[in-house]
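Each residue of the sequence shown is one higher than the one before, counting from 1 in the UniProt record's numbering. Glycine included, every Cβ here is placed at the ideal spot set by N, Cα and C. Here the structure is a predicted model, which means the values were calculated and not measured. Down below is the structure, laid out as structure tokens.
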Amino acid sequence: MSTPNGFPQHSRLCLTRSMEGGAVQDLQAKKAGKAAKKEAGGDGAPPKIGTPISETLKLLPEELKANMKIKSITPRPPRKPRLERAASLDEKSWRKWRRFRTSQESLTDPNETSSSNGSLQEASPSPPSRARASPCNPCCQQDSLHSSPEALEASPGGKSRGGASDLGKRASEISSAFGGLLRGKGFAGGKPRLAQIMPARPLPPMELNVASHSLRTANRIDADCLDYRHYSQHKFGRVSSSLSDSRLQGNGTLYDNCSTDSMKSTFSVLTPIRAKDVRSRSYLEGSLLASGALMGAEELSRYFPNRNMGIFVATWNMQGQKELPANLDDFLLPTDPDFAQDMYVIGVQEGCPDRREWEIRLQETLGPHYVLLHSAAHGVLYMSVFIRRDLIWFCSEVEYATVTTRIVSQIKTKGALGISFTFFGTSFLFITSHFTSGDSKVNERKLDYNKTIQALTLPKNVPDTNPYRSSSNDVTTRFDEVFWFGDFNFRLNKDRETVDSILNQNPDTDVSKLLVYDQLTSEMSRGSIFKGFQEADIHFRPSYKFDIGKDSYDTTSKQRTPSYTDRVVFRSRYKDDIQAVKYSSCPVIKTSDHRPVFALFRVKVRPGRDNIPLAAGLFDRDLYLIGIRRRATRELLKRREQKDQRSSSICSIS
């Protein structure tokens with residue numbers, strides 16, 4: 001049975017009795033020593049108490065040494081081990097002196113509270129406990145600490161068969177030495193105190209961040225967003241800068257990233273907003289570099305770290321067909337790029353009679369991540385601008401204008417339609433046109449172009465981002481980025497047989513021999529049309545004229561020559577702001593005699609000011625709801641058809 005101090009009960013009783021007996025014998029020895037001194041007349045004085053124990057033992061008579069039997073007492077570990085506590089730094093020397101190689105239990109008072117850092121050293125043995133021994137002479141205690149280990153191995157409870165006075169002195173010294181070693185220090189003020197512990201070597205520096213992410217269960221981040229913090233720090237460098245922890249720092253409180261994170265919403269990737277920024281933020285005024293500007297550099301870097309956005313621009317002459325393609329995925333979502341674009345602009349010439357149905361189909365295909373920023377029509381010219389719903393707040397008011405190039409026609413089939421707006425600090429202009437048709441009417445098409453750039457009255461209320469580089473005679477000079485697309489009706493100046501032979505020789509992508517005869521390419525090289533515009537390299541077959549529902553070109557009696565009538569060109573105020581990523585057609589859509597043509601661009605975006613008219617998140621909500629509802633219904637029907645197909649399958653037994 002063990003005591004609270006960790007000693008076996010029988011060992012503690014033995015030790016206590018021995019120490020009490022030693023104290024009594026010590027008093028008797030002092031009296032006997034005084035009497036012997038008087039008899040001896042000062043000769044043969046006994047050794048002082050402060051003399052080392054090893055030297056004192058040498059002065060004992062030989063018969064006492066022979067008859068004295070020292071019995072050592074070794075504390076035994078308890079049957080049921082208690083919780084271990086951190087060992088002191090001089091525990092190794094203590095174990096070396098006492099040669100305790102089997103005991104690793106705590107010898108301290110269980111009621112004594114330990115430090116919080118002790119849990120990190122649970123595997124180390126515990127320091128010895130404070131023994132409740134009677135106070136001893138300080139001088140004796142000091143000498144006992146310098147005693148040799150061999151002398152300390154003697155038991156305080158040993159009994160001598162020799163002289164009672166000398167043996168009492170020696171037993172008292174041994175008992176005092178062992179008691180002082182257990183106490184570590186003498187009693188000061190009647191209260192026991194542990195000895196001061198000095199580390200053998202300098203302790204390693206403790207890190208300031210002592211919190212543990214794994215222990216903060218309330219601050220757990222979803223598995224899909226685990227890498228967002230490191231990514232944001234690498235890209236933006238300001239993940240934790242939006243939350244002020246100056247009060248924690250000023251008070252001298254131990255703070256770290258975990259403590260700061262616990263005050264944020266880590267279940268969202270949205271950057272937290274400080275209250276003082278909300279107080280001072282103004283959406284009517286702002287600067288390019290102000291942290292509170294909605295169109296400023298900080299917001300732009302958060303959404304576009306490299307300040308490049310993806311834009312999808314497409315044109316398609318639908319030939320006025322009522323029937324729409326069953327699936328527009330191959331048209332709007334080509335498989336070549338891994339990711340969808342940030343903005344989708346689709347221009348249509350000779351559009352279907354039901355324009356609303358066409359826009360619903362676009363919304364259904366693009367899904368809930370996109371909203372219709374604006375749509376406009378000029379006769380049968382349609383244009384729709386879809387943008388990611390996260391970016392709707394950074395657009396200015398959308399403006400549009402139209403130009404008619406064929407006045408005598410009751411149905412406006414020829415002309416131009418332009419839509420303009422500012423995104424952050426970059427102004428955009430999108431124009432879709434349908435020029436005059438005919439193989440030899442090149443001059444009429446150039447007139448259509450000149451009339452469009454002069455008569456298109458844009459912008460109206462949204463200010464020009466760079467008025468010093470604008471011209472009142474050319475609308476394309478009043479915007480940073482301009483995309484012009486449509487059915488330009490430029491043909492190939494070659495007969496049908498020659499064109500067919502070239503297409504048969506190079507059925508894949510080598511169409512460089514055909515572009516030699518392209519009217520638009522030659523006119524742009526001379527600078528007579530689309531001044532300052534560029535076009536990406538063409539690697540697709542002519543988009544006109546096909547037999548409806550087939551991959552063959554015109555087989556009617558007219559035998560029209562295949563041509564690149566549907567084009568996408570672009571220009572920018574700043575060099576290399578627009579980079580063409582892909583330029584191709586969609587051959588799988590065969591409901592018209594034209595194939596849709598699309599282009600993917602990477603466009604540089606600059607920060608802007610908040611003093612422009614903002615769209616304030618305006619979009620076509622009714623169209624959004626109808627498109628999403630149809631998308632969900634289509635998915636349910638597809639699953640039902642697959643289920644019915646599996647249930648109706650017949651297994652044949654051979």
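GLU350 and SER427 have their alpha carbons spaced roughly 28 Å apart. Here DSSP, grouped into helix, strand and coil, assigns MET524 to helix.
Cβ-Cβ distances below 7 Å link ALA599 to VAL313, ALA536, VAL568, ALA580, LYS582, TYR583 in the same chain, with the five nearest sequence neighbours on each side left out; the list follows chain order. Per DSSP, the unbroken alpha helix (DSSP H) holding LYS513 starts and ends at 512–515.
In the assembly as shown, ASN504 is an exposed residue. Its beta-carbon has fewer than 16 other beta-carbons within 10 Å. In the DSSP assignment, THR315 is bridged to GLY347, VAL597. The C-alpha of GLU444 lies about 32 Å from the C-alpha of ASP577. When C-beta atoms of the segment 302–317 are compared with those of the segment 340–358, three or more pairs fall below 8 Å, so the two segments count as touching. It is roughly 26 Å from the alpha-carbon of LYS638 to the alpha-carbon of PHE386.
Taken through DSSP and simplified to helix, strand or coil, GLN196 comes out as coil. By the neighbour-count criterion, in which a residue is buried when 16 or more other Cβ atoms sit within 10 angstroms of its Cβ, MET343 is buried.
Bounds of the beta strand (DSSP E) holding ILE578 are 578–585. Closest option to ASP480, judged by alpha-carbon separation, among PRO562, LEU456, ARG469, ASP487: ARG469. Residue environment for GLN363: buried (at least 16 other C-beta atoms within 10 angstroms of its C-beta).
Spanning the alpha carbons of ILE392 and PHE483 requires a straight line of approximately 20 Å. ARG631 and LYS451 have their C-alpha atoms spaced approximately 41 Å apart.
Straight through space, the alpha carbons of ARG541 and PHE485 are spaced by roughly 18 Å.
C-alpha of CYS586 to C-alpha of PRO596: approximately 5 Å in a straight line.
Within the same chain, Cβ atoms closer than 7 Å to the Cβ of ASP336 are found at LYS582, the five residues on either side in sequence being excluded.
Taking all protein chains in view, the Cβ of GLU399 is crowded by 16 or more other Cβ atoms within 10 Å, so the residue is classified as buried. In the DSSP annotation of this structure, the continuous segment of the beta strand (DSSP E) that includes SER572 starts and ends at 566–572. At the C-beta level, THR413 and VAL380 come within 7 Å of one another. The segment 386–459 contains, as complete beta strand (DSSP E) runs of 3+ residues, the segments 399–404, 415–423, 426–434 (chain order). Beta bridge pairing from DSSP links GLU481 with PHE428, SER572.
The C-beta of GLY438 has fewer than 16 other C-beta atoms within 10 Å across all chains shown, which makes the residue exposed. Counting C-beta atoms within 10 angstroms of its own C-beta, TYR370 has 16 or more neighbours from the protein chains shown and is therefore classed as buried. If you draw a straight line from the Cα of PRO325 to the Cα of PHE570, it is about 28 Å long.
Per DSSP, the beta bridge partners of ASN308 are LYS604. Here GLU299 is buried: its Cβ has 16 or more other Cβ atoms, across all protein chains shown, within 10 Å. Under the three-state reduction of DSSP output, LEU328 falls in the coil class, being neither helix nor strand. Counting along the chain, TYR370 sits inside the beta strand (DSSP E) bounded by residues 370–378. When C-alpha distances from ASP622 are compared across THR457, THR521, ARG609, HIS374, the shortest belongs to HIS374. In this structure, the alpha-carbon of ILE360 lies about 40 Å from that of ILE502. Proximity to PHE530 across PRO368, THR422, SER572, THR465 peaks at SER572, based on C-alpha coordinates.
Taking C-beta atoms as the reference points, ASP510 and LEU492 fail to come closer than 7 Å.
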